[in-house]
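Top to bottom, those sequences are chains A and B. Counting in this note's numbering, the first sequence runs from 1 upward without gaps. Counting in this note's numbering, the second sequence runs from 1001 upward without gaps. All residues carry an ideal CB built from backbone N, CA and C; glycine is no exception. Model, not experiment: these values are computed from the prediction. Structure first, then comments.
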Amino acid sequence: MIAEAGHYALVLALALSLIQSTVPIAGARWGDVALMNVARSTALAQLLFVAVSFTALVMLHVGSDFSVANVFENSHSTKPLLYKITGVWGNHEGSMLLWVAILALFGGLVAAFGNNLPLSLRAHVLAVQGWIAAAFYLFILMTSNPFLRIATPPIEGRDLNPVLQDIGLAVHPPMLYLGYVGFSISFSFAVAALLEGRIDAAWARWVRPWTLVAWIFLTLGIAMGSYWAYYELGWGGWWFWDPVENASLMPWLAGTALLHSAVVMEKRNALKVWTILLSILTFSLSLLGTFLVRSGVLTSVHAFATDPTRGVFILLILCFFIGGSLTLYAWRASTLKQGGLFAPISREGALVLNNLFLTTACATVFVGTLYPLALEVLTGDKISVGAPFFNLTFGPLFVPLMMAMSFGPLLAWKRGDLLGAAQRLTAAGIAALVAIAVAYAWTYGGSTFAPLAIGLAIFVIAGAMTDLAERTALFRAPFATAMQRARGLPRATWGTAFAHAGVGVALIGIVCETTWNSEYIGTLKPNEVARVAGYELKLDGVTQRQGPNYREMIAQFTVRLDGEKLSVMTPSKRNFTTRGSSTTEAALLTRGASQLYISLGESTNEGAVAVRIYHKPLVLLIWWGPVLMAFGGMLSLSDRRLRVGAPKPAKASRALQAAE
Amino acid sequence: MKALLAWAFAAFLLIGCPAAYAVQPDEIMADPGKEARARDLSRELRCMVCQNQSIDDSEAPLARDLRLLVRERIAAGDSNTQVIDFLVARYGEFVLLRPRFNPHTLVLWLLPPLALGGGGLALWIYSRRRSKFPGTRDEGLLKLTAEEEARLERLIAKETSPEKPA
């Protein structure tokens, strides 16, 4: 009964999305207010029905109803409740349902909080959302229905892939989808602007908060996923340049570029056409990511060819939306007027430079990810493009970008003073040189490249602080005045400083982890000691334990530093009986921002166990950086100017209408 | 995205790349210098039965064979390029995680610099064209007159004066 209700609710949502995608546009054409308002009610009703459908699937999973194929294949009655719930999106069908649920959520938010949007713009935006939603409802209902029943229900389920039974998975995909799908809003706004043939600074004011929301979630989602891989996959790597990772990195890079170009558009009414293009590209890359992950084309081109229904369906969606929006862009973009002149050396110029590097970085990831697929399809040659390629091509692009990052906020709009900015960055430059010298002396004889990178990171962080110091006149004015000014600064300025500093913090973590990581690989018997980076780790013994749905081998280590006992670490290896597979549960000991990391290998007959122990200096900065960036984003989002639903409805919409 | 990977993971568990660690204690070479070389080389080589893992990361039996082979060649006195050439001759270019620069990887290698150069050139031309045609008028707009300068000075002085009691 629940399954049928969920299925039916999904069909109703499809019907609503079809109405939402047509009626409001007709209304906008005929200037009929009632028809345009249909968009609002259908978007809200659609959200309700998708929520019902999603709740139904969650209930089926929680209740372990194995007569439903999706539950049978991905759940087990002994699985802990948390993983019964998170298992809903730990599989293809469920994750697609989550995708459309989040899409409906964003549509609903625009409908609910978009009262101060011009009516026809809101109608167009929601109609475009309706098109996207309709395409994905059709996809789910025709190829990936999570509510299908099994004729003869089995007694027990097949359990969820053990790697996915982890709290990281509970949070990571929803976050990532909030990011991916959030970019659909800026896409819809872009297409709506093209359809209306009208765009102005107020448009950017609307798009920026939505883009920012999506960007914050995507940033956190990527960071979460990276940390999850770090502790769960058991070999201490945190970024693998895997195609699936790249699929999320591309929209992030494009989205970051979009965020910056939207600033120029809002403040200076320039770069309109480019901002529209970036909005389209960002969401297109999100769709591409969905295609890459969901079609199975990455696992192998052959897997895609043997079961092509899903892949071809998403490919069609992809072609329709990307091709359609780009065609519309080519056709209508020339009708949008360019405005706002600026000199090359100016805040706008710096943001254009940022866009150039970010889009090049994005293109690099794009070609590296898709080239092997394209080459195999075209010529049959198989090549691999992996981490060494990306490190070589992607890394260097970030050096000039990060150099420019400190200068940008210090330049004035329209025409900036590069020399003046450089003078104000003297302190930051000195800090960077000191950092290089210290890092070089500390690691004398080691890598020469790493200290330079540390210096760059310090320059970025100090540059972000310089910006704040300049604006508050810290050191120039009395302290109390500076504090008063600091309170008066727009939150967006604080946001910029935090986000930029976050990039520097992450870079420090990346450099330290990759350059000064120490490891120990060996076989230990009980009471033997391994020494890593000054720490002594003694294996106390190995025990067996029975978990709820697995058996576990736990090794206990006592960690000592300079003969003093610090802590006990218990890495383990779990065997999941139902699937016959195992996971490594690494043990982590955090010391400041550094971590000790132990992961277990096979045990031998004599009671010895293979272990791999790492000391990863400042590794946590890799994730604190993105958290800082997301925090900066949230500060910026709370800026009065951007606060969603800020009370200036009537005036804003009239101004918009008059802008023609 | 790593979790998305994990969904693809289900597929790659089937073909035998459990996500545990890779280099086994018994593989390690006695000479730390040679071992370091072997590790560096391993990171450049692909485990061919896995999805996008280097043989340094993979626990698949094939990856172990390749790791041992690399160490064997190093022990036999091969240089790094000789080891790579040997493996490419045996397994094809698929084994390299960083493809070689040759005609069929031309686009791959040249796209990033071309995108940067092309984009930069386009921006340069665009900014020149914009500054040339609307030309003099904009200069007039961008430059302040002496009067405006003076007014600006006064405004700035007013703005900073309460902070400087002197």
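Interface flag for A:S384 against chain B is set, since a Cβ pair is found closer than 8 Å. A:D242: not part of any beta strand (DSSP E); DSSP gives it neither H nor E. Secondary structure at A:F498: helix, using DSSP grouped into helix, strand and coil. Per DSSP, A:R574 is one residue of the beta strand (DSSP E) stretching across S572 to F576. By DSSP's assignment, B:H1104 forms no beta bridge with any residue. A:G197 and A:L336 have their C-alpha atoms some 7 Å from each other. Interface with chain A (8 Å Cβ-Cβ cutoff): B:E1153 is excluded.
A buried status is given to A:I314, since no fewer than 16 other beta-carbon atoms sit within 10 Å of its beta-carbon. Close partners of A:A387 in chain B (Cβ separation under 8 Å): R1043, S1054 and L1097. Scanning its chain for C-beta atoms nearer than 7 Å, with the 5 sequence neighbours on each side dropped, one finds around A:R545 the residues E552 and I554, in chain order. For A:Y550, there is no enclosing beta strand (DSSP E), as DSSP marks it with neither H nor E.
Cβ-Cβ separation between A:G289 and A:S248: approximately 6 Å, consistent with a contact (criterion under 8 Å). Listed along chain A are W235 and G237, each with a C-beta nearer than 7 Å to that of B:D1057. Within chain A, the residues placing a beta-carbon under 8 Å from that of B:L1111 are A363, T364 and V367, ordered along the chain. For A:G408, the number of other beta carbons within 10 angstroms of its own is at least 16, and it is reported as buried.
If you ignore the 5 residues before and after A:S284, its C-beta comes within less than 6 Å of the C-beta of I322, all in its own chain and listed in chain order.
The stretch 262–277 of chain A and the stretch 372–380 of chain A do not touch, with fewer than three beta-carbon pairs separated by less than 8 Å. Secondary structure note for A:I458: its alpha helix (DSSP H) is the uninterrupted segment F449 to T472. Residues of the same chain with a CB within less than 7 Å of the CB of A:Y83, apart from the 5 flanking positions on each side, are L160 and Q165 in chain order.
For B:I1074, no beta strand (DSSP E) encloses it; the enclosing alpha helix (DSSP H) starts and ends at P1061 to A1075.
Every alpha helix (DSSP H) stretch that sits fully inside the stretch 472–546 of chain A and reaches 4 residues is listed by chain position as 479–488 and 491–515.
Residues L103, F106, Q129, I132 and F283 of the same chain have their beta carbon placed closer than 7 Å to that of A:S184, with the five preceding and five following residues left out of the count. Within chain B, H1104 have C-beta atoms less than 8 Å from the C-beta of A:T379, given in sequence order. Rounded to the nearest angstrom, the Cβ distance from A:G157 to A:S75 is 4 Å, consistent with a contact under 8 Å. Annotated as distal: A:V171 and A:I140, with beta-carbon spacing of 8 Å or more.
CA-CA distance, B:V1088 to B:G1033, rounds to 24 Å. The beta carbons of A:M175 and A:G236 sit no closer together than 8 Å. Per DSSP, A:F183 has no beta-bridge partner at all.
Judged by their CB atoms, A:A506 and A:G625 are nearer to each other than the 8 Å cut-off. Under the Cβ criterion of 8 Å, B:V1049 is not counted among the residues facing chain A.
It is roughly 12 Å from the alpha-carbon of A:E528 to the alpha-carbon of A:Q556. Taking 8 Å as the upper bound for CB-CB distance, A:T78 and A:N549 are in contact here, some 5 Å apart. Ranked by Cα distance from A:A469, the first of A:A486, A:A457, A:I454 and A:A431 is A:A486. Sixteen is the threshold: since fewer than 16 other Cβ atoms of the shown chains lie within 10 Å of the Cβ of A:P80, the residue is exposed.
Residues of the stretch 503–529 of chain A with a C-beta atom less than 7 Å from some C-beta of chain B are I521, G522 and T523, listed in chain order.
DSSP lists A:E519 and A:Y597 as the bridge partner or partners of A:Y614.
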